[in-house]
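Take a look at the structure set out below.
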Amino acid sequence: MSDQDPRIREMTYRLMAMAPDAPQFPQEAAMNMSETKQRSPGLVWTVAVLAVVLIVGLPLLLFRGGGDSADDMTTTLAATSTTVTTQVPTTNDPQQTTTTVTPTPIQESFSVFLFSENMETAIGDPALVPVRVTRNYTTSQSDLDLLAEAILALSDPGLLAEGYSTAIPDGVRTSGVAVAIDSGVATIDFNAEFESGGGSMAMFTRLAQVVYTATQFPEVDSVLFSIDGEVVDVFSSEGILLEGPQTRADYTGILPQVFLGTPAIGESVESPVALSGIANVFEAVVSYEIVADGDVLANGYTMASCGTGCWGDFSVAVDFSVPEETPGEIVVYEESPQDGSRINELRYPVTLLPGGNPGVTTTTGVSTTTTLPGEAFDIGPADGDTVAVVGVAYDDVLNLRAGPGVGYDVLLGLDPMAENLVATGRHRLLESSIWDEVTVDGTMGWANSSFIAYLGGVDDLTSTVQSQIGAPVATGTMLEMGQIVAESLASFDESGVRIVVSTPPSVGDLGEITMDVIGLADDAQVGWRLHIFGAPSESGDGFVLKSVEATSLCGRGVTGDGFCV
Amino acid sequence: MGEMTDEEIYRKYADELVRFSTGLVGPFDAQDVVTDACLHAFGAKGWAEVRNPRAYLYRSVLNQARSHHRSTLRRRIREMKTASRPTSWPYEVDLDVLAAVDRLSVRQRAVVVLTYWEDLSAAGVAQQLGISEGSVKRHLARARSRLRDYLDE
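Structure follows, in structure tokens:
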């Protein structure tokens with residue numbers, strides 16, 4: 291099952307963790323009741339005590355995944371692990387001071403994923419960014435060594451002093467970690483210090499930092515967390531469930547909308563530089579720039595593999611040319627769909643190196659899928675059926691796009707009251723939306739099915755509304771009238787219901803407004819289009835509800851006499 | 392259905408049914424819904440011929456949950472918030488999660504639980520609930536969309 295939104299999974303686990311104990315076998319209980327006319331107090335008491343006792347143990351039992359090969363893991367760990375503790379400065383080491391030969395240091399570098407104090411996510415949290423760290427070693431380091439070093443560097447005070455923050459407790463650095471890599475899975479063993487502190491956000495970001503840092507190494511695809519040699523199913527007192535090895539995709543929730551994974555801040559890059567990362571931006575368009583000394587050396591845009599509401603990968607090779615080593619910045623951003631201004635901008639200071647291979651354009655990674663996204667779906671308006679635009683505000687339009695998904699070009703803006711859409715019978719199911727193909731005035735395209743419905747029969751709901759609200763409905767404006775009427779009908783259903791003004795108020799002999807109530811749980815009847823009429827009140831400063839004509843909005847089709855099927 | 396008695400069947404599935412039920416109506420009424428659903432199932436005419444009692448009980452819980460008054464969860468959340476029943480519920484409650492769940496229809500809740508907790512495919516969920524695979528996918532897409540709106544707020 292693809293899992294593009296770990297938050298929903300986490301929410302479900304939290305929900306399941308609230309489950310009470312199973313009640314007694316009901317027939318037994320029923321018999322008890324019929325014999326004694328009431329449940330035995332002793333029995334209830336026992337159940338209650340049992341319940342309290344189980345509170346502590348139950349979530350753990352629930353969360354324990356089946357068939358974890360914890361023993362195998364430990365063996366692997368022991369066989370190939372390398373334990374790294376903090377590198378204590380060796381200047382006090384007597385052996386070191388007597389050494390006269392200074393070995394040529396071997397430079398190794400890696401990225402450490404920290405939170406930037408001066409770049410933020412869309413909601414204003416510090417953004418997770420890669421920071422390049424270069425270390426000198428006397429012997430060459432394996433990737434396993436570097437992985438351990440990188441994990442320890444996540445709470446390096448030197449880095450934190452440079453304007454970054456971390457969710458990794460300092461104790462992790464001093465107590466060390468053990469790492470092992472096996473078939474793409476890095477097992478990282480911490481001590482209990484790693485679970486210290488509190489707050490589910492802090493815990494979540496802590497895990498994310500480790501996962502992003504570890505998966506920079508090509509041989510690591512995912513991370514298994516382990517504490518004191520035991521693979522962790524439930525992390526910390528916050529009860530974060532770790533189901534199997536964790537990947538970057540499990541932690542998109544904390545990323546800036548445009549996340550640049552490589553290059554890292556502080557990295558030295560030569561042309562062409564490969565910019566890669568993931569983004570969740572309007573229409574999947576990621577813009578970039580390379581700047582130095584206020585000059586734009588290169589700019590352009592690339593497409594992420596998914597956009598507007600979903601995360602997609604992007605990768606683009608960008609050419610630039612500098613005469614000598616130059617401090618510069620790599621900038622990625624999204625253009626605001628409202629006004630084209632830059633939003634969600636990240637600026638990574640880097641060192642631009644001369645040479646390389648300028649002039650060869652090697653744009654890669656632009657997704658050019660020939661097949662439509664999502665999967666074919668068999669529920670929706672049938673071929674040849676006429677359907678209408680619903681649930682779109684009067685000052686807005688429904689985009690008819692070249693393909694199913696917001697990443698496609700807009701072909702037409704459909705009027706909120708358009709009733710001339712002819713379905714082709716093709717539908718596509720995407721991760722969190724369904725799209726219908728329709729033809730409008732000779733143009734064929736795709737629109738989000740949440741805004742398409744059959745118009746059913748018309749009912750007079752005046753008395754229903756009157757009795758629901760009670761007493762004569764009088765308001766100052768028709769807009770207020772519309773809101774009150776729509777809300778009274780929406781209250782029959784659940785909170786996912788949307789109310790929009792699909793035709794603005796007008797006043798002639800009567801006041802008039804059209805409201806769409808959409809998103810009812812009923813698959814057949816998805817909503818109502820309400821034509822609401824108000825008579826000017828006698829005092830002349832408002833309206834009194836006169837009538838409510840409700841057109842059924844049907845999701846699947848309409849019978850000959852106007853009922854939703 | 393083999394040789395199992397109703398009570399054995401109940402003991403076997405009661406825990407997971409209560410969890411499922413918690414996903415549908417929240418924790419406060421989960422036990423009642425399971426009790427009612429099981430009484431209903433065990434008393435049903437065709438019960439003796441049911442070949443997959445687990446799926447049958449799941450559907451029975453879903454039906455019971457759907458007839459459960461849907462405003463109840465919201466009322467319960469309100470009660471918890473105003474602490475008018477502070478100590479009567481012995482379990483931990485996560486009101487944020489319940490508020491998110493409250494946004495979904497009961498069927499959407501069922502599909503979310505079976506997908507994310509039981510890790511069933513759309514086909515698996517469809518089989519378990521006795522609805523079409525297309526309906527499962529649609530419920531899931533709508534549920535995700537509503538939950539994301541909520542989670543993004």
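Line by line, the protein sequences give chains B and Y.
Residues 291 to 855 (the working numbering) make up the first sequence, in order.
Residues 392 to 544 (the working numbering) make up the second sequence, in order.
Just so you know, even glycine gets a beta-carbon here, dropped at the ideal spot from N, CA and C.
Just so we're clear, the structure is a prediction, and the values are computed from it rather than from any experiment.
Per DSSP, reduced to three states, the secondary structure at PHE525/B is strand. The beta carbon of VAL700/B is closer than 6 Å to those of ASN689, ARG691 in its chain, skipping five residues each way along the sequence. Non-local C-beta neighbours of ASP518/B in its own chain, meaning closer than 7 Å and more than five positions away in sequence, comprise ASN481, ALA482, ordered along the chain.
One Cα belongs to LEU704/B, the other to VAL687/B, and the distance between them is close to 5 Å. Here DSSP, grouped into helix, strand and coil, assigns MET593/B to strand. Between LYS436/Y and chain B, the shortest Cβ-Cβ separation is not below 8 Å. As summarised for the stretch 505-559 of chain B, there are no continuous alpha helix (DSSP H) elements at least 4 residues long confined to that stretch. Along the stretch 721-739 of chain B, going in chain order, the ones with a CB nearer than 8 Å to a CB of chain Y are GLU721, SER722, SER723, ILE724.
If one requires a minimum length of 3 residues, the beta strand (DSSP E) runs lying completely within the stretch 665-721 of chain B are 676-679, 688-691, 700-704, 711-719, in chain order.
Proximity of the stretch 410-421 of chain Y to the stretch 497-513 of chain Y meets the contact definition, three or more beta-carbon pairs being nearer than 8 Å. Straight-line spacing of the CA atoms in ALA840/B and VAL712/B works out to 23 Å.
Residue contact with chain B for VAL452/Y: absent (no Cβ-Cβ distance below 8 Å to any residue of chain B). Taking ARG788/B as the centre and dropping the five residues before and after it, the same chain places the C-beta of GLY681, ILE808, GLY809 closer than 7 Å to its C-beta, in chain order.
Secondary structure at GLY746/B: strand, using DSSP grouped into helix, strand and coil. ARG819/B sits in a strand when the DSSP states are folded into three classes. Counting C-beta atoms within 10 angstroms of its own C-beta, MET805/B has 16 or more neighbours from the protein chains shown and is therefore classed as buried.
Per the DSSP secondary-structure output, TRP736/B pairs in a beta bridge with ARG691/B, GLU727/B.
Shown here, ILE400/Y sits in a helix according to DSSP, grouped into three states. Closest option to SER739/B, judged by alpha-carbon separation, among GLY674/B, PRO613/B, VAL606/B, ARG716/B: ARG716/B.
Within the model, the alpha-carbon separation for SER631/B versus LEU404/B is close to 27 Å. Contact of PRO418/Y with chain B by beta-carbon distance below 9 Å involves LEU305, MET308, ALA309, PRO310. For PHE667/B, the nearest CB of chain Y lies under 8 Å from its own CB, placing it at the interface with that chain.
Listed in chain order, the alpha helix (DSSP H) elements of length 4 or more contained wholly in the stretch 432-495 of chain Y are 444-458, 463-473, 486-492.
Listed along the chain, the chain B residues whose CB falls inside 9 Å of the CB of VAL527/Y amount to none; the nearest CB is some 10 Å away.
By the beta-carbon neighbour count (other beta carbons within 10 angstroms, threshold 16), ASP726/B is buried.
The C-beta distance from TRP818/B to LEU835/B rounds to 16 Å, too long to meet the 8 Å contact threshold. Inter-segment contact for the stretch 578-585 of chain B and the stretch 595-603 of chain B is absent: fewer than three beta-carbon pairs are separated by less than 8 Å. Contact between the stretch 766-777 of chain B and the stretch 718-738 of chain B is not established, with fewer than three Cβ pairs separated by less than 8 Å. Bounds of the beta strand (DSSP E) holding LEU418/B are 416-427. Between the C-alpha atoms of GLY760/B and LEU779/B there is a straight-line separation of about 13 Å. Using beta-carbon distances, ALA405/Y counts as an interface residue toward chain B, with a partner under 8 Å.
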